[in-house]
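Numbering of the sequence shown is given in full-length UniProt numbering, commencing with residue 1 and proceeding in unit increments. Built from N, CA and C at the ideal position, the CB exists for glycine as well. Notes to accompany the following structure.
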Amino acid sequence: MNPHQSTTTETDTIRSTDQDALSSRLSTQLRNYPPSDPFLIPLISKVINLKKMLIETNNTDQSSFGLKLKQGRELKKIFFNLFDDSNSRNGTGTGPGSGTGYGVGSGSGNGAGFSAHIGAGSRGAGPIAGGLRGTMSGGNMRPFAGPGSGFGSGHSGIPSGTGIVTGSGQSLEGTPMEGLKPNYRSLLMKPNTLKSPVLNRGTWLRTVSINAVIDKFLQEHEDKGFEGDDIQIVNLGAGNDTRCFNLLKQQREKKKNNNSKVGLKIVEIDFEDSCKLKKFSILSSAQLSSAIGIDTTQTKEPIPTTYEEFQNSSSELTTPNYKLLSADLRDTTSLQQLFQTHSISQNSPTLILSECCICYMDKSSSNGLLKFLKTYFHKAGSFVIYDPVGGNPNANYGDVMRSNLAKRGIEMPCLMVYRDVEGVKRRLIDEVGFENGNVGVWDMKWIYHHWVDQDLIGQITRLEFLDELEELDLINLHYVLVVASWGDDVKLEPPFTISST
Numbered sequence: 001m002n003p004h005q006s007t008t009t010e011t012d013t014i015r016s017t018d019q020d021a022l023s024s025r026l027s028t029q030l031r032n033y034p035p036s037d038p039f040l041i042p043l044i045s046k047v048i049n050l051k052k053m054l055i056e057t058n059n060t061d062q063s064s065f066g067l068k069l070k071q072g073r074e075l076k077k078i079f080f081n082l083f084d085d086s087n088s089r090n091g092t093g094t095g096p097g098s099g100t101g102y103g104v105g106s107g108s109g110n111g112a113g114f115s116a117h118i119g120a121g122s123r124g125a126g127p128i129a130g131g132l133r134g135t136m137s138g139g140n141m142r143p144f145a146g147p148g149s150g151f152g153s154g155h156s157g158i159p160s161g162t163g164i165v166t167g168s169g170q171s172l173e174g175t176p177m178e179g180l181k182p183n184y185r186s187l188l189m190k191p192n193t194l195k196s197p198v199l200n201r202g203t204w205l206r207t208v209s210i211n212a213v214i215d216k217f218l219q220e221h222e223d224k225g226f227e228g229d230d231i232q233i234v235n236l237g238a239g240n241d242t243r244c245f246n247l248l249k250q251q252r253e254k255k256k257n258n259n260s261k262v263g264l265k266i267v268e269i270d271f272e273d274s275c276k277l278k279k280f281s282i283l284s285s286a287q288l289s290s291a292i293g294i295d296t297t298q299t300k301e302p303i304p305t306t307y308e309e310f311q312n313s314s315s316e317l318t319t320p321n322y323k324l325l326s327a328d329l330r331d332t333t334s335l336q337q338l339f340q341t342h343s344i345s346q347n348s349p350t351l352i353l354s355e356c357c358i359c360y361m362d363k364s365s366s367n368g369l370l371k372f373l374k375t376y377f378h379k380a381g382s383f384v385i386y387d388p389v390g391g392n393p394n395a396n397y398g399d400v401m402r403s404n405l406a407k408r409g410i411e412m413p414c415l416m417v418y419r420d421v422e423g424v425k426r427r428l429i430d431e432v433g434f435e436n437g438n439v440g441v442w443d444m445k446w447i448y449h450h451w452v453d454q455d456l457i458g459q460i461t462r463l464e465f466l467d468e469l470e471e472l473d474l475i476n477l478h479y480v481l482v483v484a485s486w487g488d489d490v491k492l493e494p495p496f497t498i499s500s501t
């Protein structure tokens, strides 16, 4: 097998799970769970554009025209029909960086504005009025809360006019890939189409707990005054994760304001087709490109407009601080060559993130990968691993999980091998070679009740009430977060805190 390619079945499986993750994150964003991610909606809109193009222009696929139309509808349904270009968008808005408003009313604003989430008008430092169903204050929206109006400054990443509007109200230019715009009115008509409260809460917890560990990794190197080689984050099976955009932008702003001496580099690795999808989503968006240090006005690589062009295109995208590389993680020999070709430092402090990645690999391949990475980044490093576990062998939760995954053609070979916190910890110690004191493993139930500030849980509950607490605890009991460190640098260990500040 080409180390940069997967089989068709593997590619389809990876794409379906990545779409599920994107859809879940979008659901929490639309329910206003913090923190807001200004890059999520721009990325999803580009991903959908590319996927639609691939469906429509794939002449090797003998599916009928009607079936392709159905595939396109199913794709948009995954994202709650928010990007359904067949729906009308009425209402107008004015203000810097805004054009046509989305929704059913009208409004105006004269500040750093954006088009209203649901309802109407652009929004700035001036008032909002019209058919807005929701309440706004200080740049936040609480969906489906009833009629309301308010004042506030702009919010980054909200679609408006002919592009994506930044916090300053600057409308980013369109590209040949422009076309789908978020249609929030579709959610107004069917607010229950989003994910359930228990799934939203679990998705949010997964995101903020990983963020908490990464933030501590960055902060401890700031506190240590580390200078020299940049610190690194290597994201395995990165898919359409948006952390790269947020982290690089954040670190660049800190250095610009002389609040940091630490440089950050991010390396993302995935199968070839997944990398291509992300690469061209980035290149077709000025906002996404800018976040990783690309000036789209200077980019000469064309965006594929047909399936054939996509297949013949390169999957790699590199900047001084960001590398998107394709590889089969099971082939560590080719992975080492890839690292050497792209000068991935072996001496820099490195955080390696595996967020539902190694769970798709068999025991031998996944342990081999972990041992290789621990050896390659020999000076100092930390694994941050988020994975499902099968749970108590006397219960049937893991068996049900495995059966449900099998119906979708998804296999998790180690789900029933490392079944709980202790099993996962013994794996890192006995099979990967960690010292006992350098490995921390927690199930997400424990994290929810011990890491998360109670004031923040209260804030989340006010956004979306959850009465299935026992179900949430049961689900969270079957996911674990691992933090394991090695080397002579900063040891990444608790306490990790998740708060609203």
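Notebook entry, point to check: Do you know whose CA, among L67, K51, T57, lies nearest K76's CA?
Noted result: The residue labelled residue 76 in the question sits at position 76 within the sequence shown. Distances from the CA of K76 to each of L67, K51, T57 were compared; the closest alpha carbon is that of K51.
Next item on the list: At 3 residues or longer, and completely inside the region 304-350: list those beta strand (DSSP E) runs for me, N to C.
Entry: Segments of the beta strand (DSSP E) lying fully in the region 304-350: 317-319, 322-326.
Next item on the list: Quick one: residues in its chain with C-beta nearer than 8 angstroms to the C-beta of G72, no 5 flanking neighbours on either side, listed in chain order?
Entry: Position 72 of the sequence shown, counted from the first residue, corresponds to residue 72. Taken in chain order, the residues that qualify are K52, I55, E56.
Margin query: Can you look up P388 in the DSSP assignment and give me helix, strand or coil?
Written below: Along the sequence shown, read from residue 1 onward, the residue named residue 388 stands at position 388. Under the three-state reduction of DSSP output, P388 falls in the strand class.
Next item on the list: Can you tell me which of the three DSSP states K255 falls into?
Entry: Locating residue 255 in the sequence shown gives position 255, counting from the first residue. Assigned with DSSP and collapsed to three states, K255 falls in helix.
Item checked: Residues of its chain near T350, where Cβ-Cβ distance is below 8 angstroms and the 5 sequence neighbours each way are ignored -> For this step, residue 350 is matched to residue 350 along the sequence shown. Beyond the five residues adjoining it in sequence on each side, T350 comes within less than 8 angstroms, by CB distance, of I231, Q232, I233, V234, F377, A380, G381, S382 in the same chain, given in chain order.
Checklist line | G458, DSSP secondary structure in three states | finding: In the sequence shown, residue 458 corresponds to position 458, counting from 1. In this structure, DSSP gives G458 a helical state, which the three-state scheme calls helix.
Next item on the list: Could you work out which residue in Q62, D20, R31 is closest to E74 when comparing CA atoms only?
Entry: Taking the sequence shown and counting its residues from 1, the one referred to as residue 74 is at position 74. Nearest C-alpha to E74: D20.
Item checked: For I282 and P304, the rounded distance between their alpha carbons -> Here residue 304 refers to the residue found at position 304 of the sequence shown. Here residue 282 refers to the residue found at position 282 of the sequence shown. Between the alpha carbons of P304 and I282 lies a distance of about 13 angstroms.
Notebook entry, point to check: When DSSP labels each residue in this structure, what does I128 get in the three-state scheme?
Noted result: Position 128 of the sequence shown, counting from 1, holds the residue named residue 128. Below a pLDDT of 50, predicted positions are generally treated as unreliable, and I128, at 24, falls in that range; the measurement from the model is reported next regardless. Of the three classes helix, strand and coil, the one that applies to I128 here is coil, per DSSP.
Next item on the list: Evaluate contact between the region 350-367 and the region 382-391, counting only Cβ atoms and requiring at least three cross-stretch pairs below 8 angstroms.
Entry: Short answer: they touch.
Notebook entry, point to check: Taking the C-alpha atoms as reference points, what is the distance between S16 and F245?
Noted result: Your numbering for residue 16 matches position 16 in the sequence shown. Your numbering for residue 245 matches position 245 in the sequence shown. Cα to Cα, the separation comes out at about 22 angstroms.
Check: With which residues is G440 paired in a DSSP beta bridge?
Finding: Mapped onto the sequence shown, residue 440 falls at position 440. Answer is V483.
Notebook entry, point to check: What's the C-alpha gap between E471 and P388?
Noted result: Here the question's residue 471 lines up with position 471 in the sequence shown. Here the question's residue 388 lines up with position 388 in the sequence shown. So the alpha carbons of these two residues sit roughly 16 angstroms apart.
Notebook entry, point to check: Is the Cβ-Cβ distance between I48 and F79 less than 8 angstroms?
Noted result: Translated into the one-based positions of the sequence shown, residue 48 becomes position 48. Translated into the one-based positions of the sequence shown, residue 79 becomes position 79. Result yes, Cβ atoms of I48 and F79 sit closer than 8 angstroms.
Note to self: Our contact map puts K371 next to P413 with C-beta atoms below 8 angstroms; I'd like the distance itself, whole angstroms only.
What the structure shows: Numbered from its first residue, the sequence shown carries residue 371 at position 371. Numbered from its first residue, the sequence shown carries residue 413 at position 413. Incorrect: roughly 17 angstroms between the Cβ atoms, too far for contact.
Notebook entry, point to check: First and last residue of the beta strand (DSSP E) that includes E268?
Noted result: Start at 1 with the first residue of the sequence shown, and residue 268 comes out as number 268. Element bounds for E268: 264-270.
Next item on the list: Report yes if the C-beta of V262 is less than 7 angstroms from at least one heavy atom of the ligand NAP; otherwise report no.
Entry: The ligand NAP is not among the ligands present in this structure, which contains no ligands whatsoever.
Note to self: Could you check whether I447 and L415 sit closer than 8 angstroms to each other, using their CB atoms as the reference points?
What the structure shows: Translated into positions along the sequence shown, residue 415 becomes position 415. Translated into positions along the sequence shown, residue 447 becomes position 447. Note that the C-beta distance between L415 and I447 is not below 8 angstroms.
Margin query: Pull the bridge partners of N235 from the DSSP assignment, please.
Written below: Within the sequence shown, the letter at position 235 stands for residue 235. N235 pairs with E268, L353.
Next item on the list: Jot down the residue ranges of each uninterrupted alpha helix (DSSP H) in the region 402-447, minimum 4 residues, whole runs only, in chain order.
Entry: Fully enclosed alpha helix (DSSP H) runs of 4 or longer: 421-426.
Item checked: Length of the line joining the Cα atoms of N436 and I429 -> Residue 436 sits at position 436 when you count from the first residue of the sequence shown. Residue 429 sits at position 429 when you count from the first residue of the sequence shown. N436 and I429: Cα-Cα distance of roughly 6 angstroms.
Checklist line | Same chain, Cβ closer than 7 angstroms to V417, neighbours up to 5 away in sequence not counted | finding: Residue mapping note: residue 417 aligns to position 417 of the sequence shown, counting from 1. Cβ neighbours of V417 beyond the five flanking positions: K363.
Notebook entry, point to check: What number of angstroms, rounded off, separates the C-alpha of C357 from the C-alpha of Q346?
Noted result: Along the sequence shown, read from residue 1 onward, the residue named residue 357 stands at position 357. Along the sequence shown, read from residue 1 onward, the residue named residue 346 stands at position 346. One C-alpha to the other measures close to 22 angstroms.
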